[in-house]
Amino acid sequence: MNGASVYSEAAEQVQVAGVSFAHLSIETGHFYMKSLLDGEEKIRAHFERVARLVDLHTAEAKAEYGPSARVSTCFLIDDYFGSNTNPTEVLDKVLGIAEKCGLRIDYLAREAGCWETPLYVDGRLTGQQIPLAEMVASWVVAEPLKQTTGRRPPDVESGWLCNGRRSSEHDSEQAMQVTEAYRRPEEFARREHTIFLDIELWNTLINKDGEEHTRWSCPFLASIWQLLRLGMVRYEGRAVVEPQPPGERWPASWWEMPSVIKLNPQAAPFEAYRALSILPREYLKIEHAVQTILDHIVIDQEVLAKAIKRAEGEGISIPREVTGRLSHMFVDEVAKRPRADGA
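Quick note: the sequence shown uses the numbering used here, first residue 73, plus one each step.
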């Protein structure tokens, strides 16, 4: 990743497509691939709680938007970091547990689809891959830094992004010859105290043939995931997400699957005005990073304007900042164990 590629959605170049929106998208969970391959207890405990929470938030949406409120649910599979696994084994387990718990999953998505996703035109697969992660990386704008030497390369080149100013040790031109007093890291948007966050967006690996390969970080891919759910991504004017129906059987490889599968034919739209993620508590740090990354991404203004106008037509006001449309609920691991007598 060199930061040289720039993707533009200028109105004079392309006509930006609109998308249909649900009122609310509920992410029903996310697990690392290791957890998906382990036993069922952790997944079942999470899904049992999430099923009740989905009912609660669906009822709340209907109270706010009326009985015909559009609410869709989704689940993201960790196939980017676990691509050498068997889709049938993983998906049959996840969807089987969800069904037993009474949890409706309308859309199934692949995390690797936030890196590269196949391009569909009018429902037909073109054979072209959209370089989604590289495209969104070109939209990242770091906060301007003051009183730095320029020794550290820009974030879009180094693969790092922070929410403020790093300490003097890392800004010094000669790290081993620091003459100034140590300067603490500083959060630009701090209140009384700093909560400093420095996020790795990607790193570069070298394979056995000596070729460089970009490995995108979990927080960065999760940021793209949230942008997709909020309908904020276009490629050459086209909507990136075009959910596909499932086939008769799961393929042997994750790469053979669409990025988003529509499991429920009657589901409300995948994109939504609001997105809620109900996640295990271990994802709190990831989502903190996601919020920071999203605050540094410049959204195409025509895409944003279309969403705002569409919402206004339904009597809904949405903020221009995407983080203002995103909320989280973190679920702890406390669970009631069944009694020995089965009662």
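From the three backbone atoms N, C-alpha and C, an ideal C-beta is built for every residue, glycine too.
Its chain contains I271, P291 as the residues whose beta carbon lies nearer than 6 Å to that of A361, once the 5 sequence neighbours on both sides are disregarded; these appear in chain order. Within its own chain, the residues whose Cβ lies closer than 6 Å to the Cβ of I371, once the five positions on either side in sequence are excluded, are M304, listed in chain order. Annotation: the stretch 160-239 contains the following complete segments of the alpha helix (DSSP H) (minimum length 4 residues), in chain order: 204-209, 227-230. The C-beta distance from I98 to V126 rounds to 6 Å, short enough to meet the 8 Å contact threshold. By the Cβ criterion, the stretch 86-106 is in contact with the stretch 341-351, since at least three pairs of Cβ atoms, one from each stretch, lie closer than 8 Å. Comparing C-alpha distances from W326 to each of E374, L163, T145, R142 shows the shortest one belongs to L163.
With respect to the 7 Å criterion, R310 and A89 are classified as neighbours on the basis of their beta carbons. By the criterion of at least three beta-carbon pairs nearer than 8 Å, the stretch 365-383 is not in contact with the stretch 318-325.
Beta-carbon to beta-carbon, L204 and I333 are separated by about 17 Å, too far to satisfy the 8 Å threshold. Spatial neighbours of S349 in its own chain (CB-CB distance under 6 Å, excluding positions within 5 residues in sequence) are listed in chain order as E99, H400. In the DSSP assignment, Y307 is bridged to R310. If you look at S349, you'll find it in the beta strand (DSSP E) that goes 344-352. For D127, the enclosing alpha helix (DSSP H) covers residues 113-137.
Looking at K114, H129, K165, I202, the one whose alpha-carbon comes closest to that of E314 is I202. Annotated three-state conformation of T157 is coil, per DSSP. Burial state of A117 is buried, judged by a 10 Å Cβ sphere holding 16 or more other Cβ atoms. Close CB contacts of R382 within its chain, under the 8 Å cut and outside five residues either way in sequence, are with G90, F93 (chain order). Distances from the alpha-carbon of I177 to those of L302, L356, L148, P159 put L148 closest.
Sequence-distant partners of C234 (beyond 5 residues in either direction) whose C-beta falls short of 6 Å from its own C-beta, in its chain, are D270.
Between the alpha carbons of V86 and E308 lies a distance of about 6 Å. Between the C-alpha atoms of K114 and R255 there is a straight-line separation of about 44 Å. For the 7 Å CB-CB criterion, V403 and R124 do not form a contact. Between the alpha carbons of L300 and V394 lies a distance of about 11 Å. Boundaries of the beta strand (DSSP E) harbouring M401: 398-403, taken from the DSSP string. Per DSSP, reduced to three states, the secondary structure at W297 is helical.
Partner residues in a beta bridge of N336, as assigned by DSSP, do not exist. About 14 Å separates the CB atoms of S140 and A339; that is not less than 8 Å, and the two are not in contact. Note that the C-beta distance between W288 and W187 is below 7 Å.
In the DSSP annotation of this structure, the continuous segment of the alpha helix (DSSP H) that includes D367 starts and ends at 356-367. Going by DSSP, G101 is part of the beta strand (DSSP E) stretching over 94-102. Contact between V166 and L108 holds: CB atoms are separated by about 6 Å, below the 8 Å threshold. Remark: C-beta atoms of L293 and E183 approach each other more closely than 7 Å.
Setting aside the 5 residues that flank it on each side, H102 is surrounded in the same chain by L148, L351, each with a C-beta closer than 6 Å to its C-beta; the list follows chain order.
The continuous stretches of alpha helix (DSSP H) do not include V370, and DSSP gives it neither H nor E.
Per DSSP, reduced to three states, the secondary structure at S389 is coil, with no helix or strand assignment.
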